[in-house]
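S.K.: Could you have a look at this structure, given as structure tokens, before my questions?
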Amino acid sequence: MFDFEALYEAHTIDEAVALRAAHPKAQVIAGGSDQLIKIRAGRLAGCELLSIYTVDELRGVTLDGDGTLRIGPLTSFSHVTRDPLINRLIPVLGEAVDQVGGPQIRNIGTIGGNVCNGVTSADSASTLLAWDAVMELTGPEGKRRVPDSAWYLKAGQVDIRPGEILTAILIPKTAYDGYFGSYFKYAMRNAMDIATTGCSVNVKLSADKKTVGDARVAFGVASPVPVRAPSAEAVARGAAISEKTAEDFSRAVLADIHPRTSWRATAEFREHISVEMAKRTFLEAVKRAGGEF
Amino acid sequence: MQMKTIHFTLNGVQREKTIDVRASLTDMLRDDYSCFSVKKGCEVGECGACCVLIDGETFNSCIYLAVWADGKSILTVEGLKGPSTGELHPIQQAFVDEAAVQCGFCTPGIIMTAVELLGTGRKYTREELRKAISGHLCRCTGYENILNALDKAINH
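Top line first, the protein sequences correspond to chains C and E. According to our numbering, the first sequence is numbered sequentially starting from 9. According to our numbering, the second sequence is numbered sequentially starting from 8.
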């Protein structure tokens, strides 16, 4: 038996928003692979739970009329990885979430829960940040959109206001059209492990595939929240495709990241691998975009 | 105590149950339906000993609220035996043939993952099989015989 006081279950977005207003102290639970473990450890003893796991309208991936990719926040990691639209438009997101935990965790864990936890190590977080994702929230006053760059307020806290739930993760067409990405997770083990550091890069090449038109890079566990590295992006933008560009790009990330020492790794080690990961991930993204070295 | 009545299918049989909303699916399957193949291992979703199929996908039942089973179809190892004579499922037989069982605690969970893989109808490389069972911890076998059994049951 889990130690919680009450369970409120929503089956529709409207019900979820109404229950959020009626029970402001209730913890929202999606797949529960983080919350239920905290509850079992006694860290949320006596809490109330608002389960949105059964809000089926928040599952699945679709395209809006303007080409915006709409990811339902309750889509499980394994369904994101198998989704035809994800595979066609941003396959790197499917690859990133395929590195969460193990197969059973990827069947219960949801991409929305992953980003709402506000944890820097979340495997989807850096990739969504690198693809300029937009969070769509629904609350008592209607819908509100928050760019991913403003989503993380501090470690473990994101911009969800009282009464709101996350109802979509959007990737605008301008953010994915022509871009190719790659994700690198550095962890001690290949499964059931949390990233020591994660790096997601995507690039758009010039028409002749000789120069970098645009590059975006984001890190997990290189700061208290997922962060972009704008200095590195500026170095790569407009640069010729070369090993030197990859070197310059990867060294420039140090201007933007602030890793900490934890029991998993020291700050110095994280800085070291961040540079190497940025380089490898950049090279892979350029190759996927059709660039040659 | 907050109770809820749910309807679900367990190993092919339709069920109605009024349960404490705080119960995990592991609690319900073991305590109310004597499905003792569903093991209580780590109880935090890491070891895979409590793995069951819900609508054909593997879930760790220890971190799944029993009330979420409403409207779902659940399969455990108890549901694998042949309907008339109770003969072993081909995956179970492969585990016997390949000596893939030592203490047996992880076995039911891995067998349920194998059932999910078998359901896809495709073949798996050794590397894919290793990844597929990466959510199951076995402290006895070193996994080799388990992989041999999976290969035999799924690819042949």
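Glycine included, each C-beta is placed from N, C-alpha and C at the ideal position.
1. Can you give the beta carbon distance from E/TYR71 to E/SER31, rounded, assuming they're within the 8 Å contact cut?
2. Nearest chain E C-beta to C/GLN112 closer than 8 Å, yes or no?
3. On the three-state DSSP scale, how would you describe C/PRO302?
4. For the stretch 126-198 of chain C, which segments carrying the alpha helix (DSSP H) assignment without a break, of at least 4 residues, lie completely within its bounds, in sequence order?
5. Hey, how far is the Cα of C/GLU241 from the Cα of E/LYS79?
6. Strictly below 8 Å CB to CB, what residues from chain E border C/ALA199?
7. Can you check which of these residues, E/ARG146, E/GLY149, E/ALA139 and E/GLN99, is closest to E/LYS159 by C-alpha distance?
8. Can you check which of these residues, C/GLY298, C/SER134 and C/ALA183, is closest to C/VAL229 by C-alpha distance?
9. Select from the stretch 27-47 of chain E all residues with a C-beta closer than 9 Å to any C-beta belonging to chain C, and list them in chain order.
10. Reducing DSSP to helix, strand and coil, say where E/ASN67 ends up.
11. Can you find a C-beta in chain C that's less than 8 Å from the C-beta of E/LEU21?
12. E/LEU72 bridges to which residues according to DSSP?
13. Identify every residue that forms a DSSP beta bridge with C/TYR16.
14. Taking C/ASP74 as the reference, which of C/GLN43, C/LEU27, C/ILE179 and C/PRO92 has the closest Cα?
15. Using CA coordinates, which residue listed in C/GLU284, C/GLU279, C/THR128 and C/TRP271 is at the minimum distance from C/VAL235?
16. DSSP state of C/ALA1, grouped into three classes?
17. Figure out for me which residue from C/ALA158, C/LEU174 and C/PHE12 has the closest Cα to the Cα of C/THR83.
18. From the beta carbon of E/THR65, is the nearest beta carbon of chain C less than 8 Å away?
19. Am I right that C/ASP18 and C/LEU58 are in contact with their C-beta atoms under 8 Å? What's the rounded C-beta distance?
20. In this structure, does DSSP put C/SER9 in helix, strand or coil?
21. Contact defined as beta carbons within less than 8 Å: I believe C/ILE45 pairs with E/GLY52. What is the distance between those atoms, to the nearest angstrom?
22. Exposed or buried, E/VAL20, counting other C-beta atoms within 10 Å across all chains shown (16 or more means buried)?
23. Anyone know if the C-beta pair for E/LEU125 and E/LEU136 falls short of 8 Å?
24. Contact defined as beta carbons within less than 8 Å: I believe C/PHE257 pairs with C/ALA223. What is the distance between those atoms, to the nearest angstrom?
M.R.: Let me spell this out:
1. 6 Å
2. yes
3. Because residue 302 of chain C is not part of the residues shown, which for chain C are 9 to 301, the question remains open.
4. 131-138 and 181-184
5. 47 Å
6. LYS138, SER141 and GLY142
7. E/GLN99
8. C/SER134
9. ASP27, VAL28, ARG29, ALA30, SER31 and ASP34
10. Here E/ASN67 sits in strand by DSSP.
11. Correcting the residue identity first, residue 21 of chain E is Gln in this sequence and not Leu. Output row for E/GLN21: interface = no.
12. E/SER31
13. C/LEU58
14. Comparing Cα positions, the closest option is C/ILE179.
15. C/THR128
16. The structure shown does not extend to residue 1 of chain C, since chain C is modelled only from 9 through 301, so no value can be given for it.
17. Check the Cα spacing between C/THR83 and each of C/ALA158, C/LEU174 and C/PHE12: the tightest is with C/LEU174.
18. yes
19. Strictly speaking, residue 18 of chain C in this sequence is Ala, with Asp absent from that position. Their Cβ separation, rounded to whole angstroms, is 7 Å, which keeps C/ALA18 and C/LEU58 in contact under 8 Å.
20. Correcting the residue type first, residue 9 of chain C is Met in the shown sequence and not Ser. Looking at C/MET9 - three-state DSSP - the assignment turns out to be coil, as it is neither helix nor strand.
21. 7 Å
22. exposed
23. no
24. 7 Å
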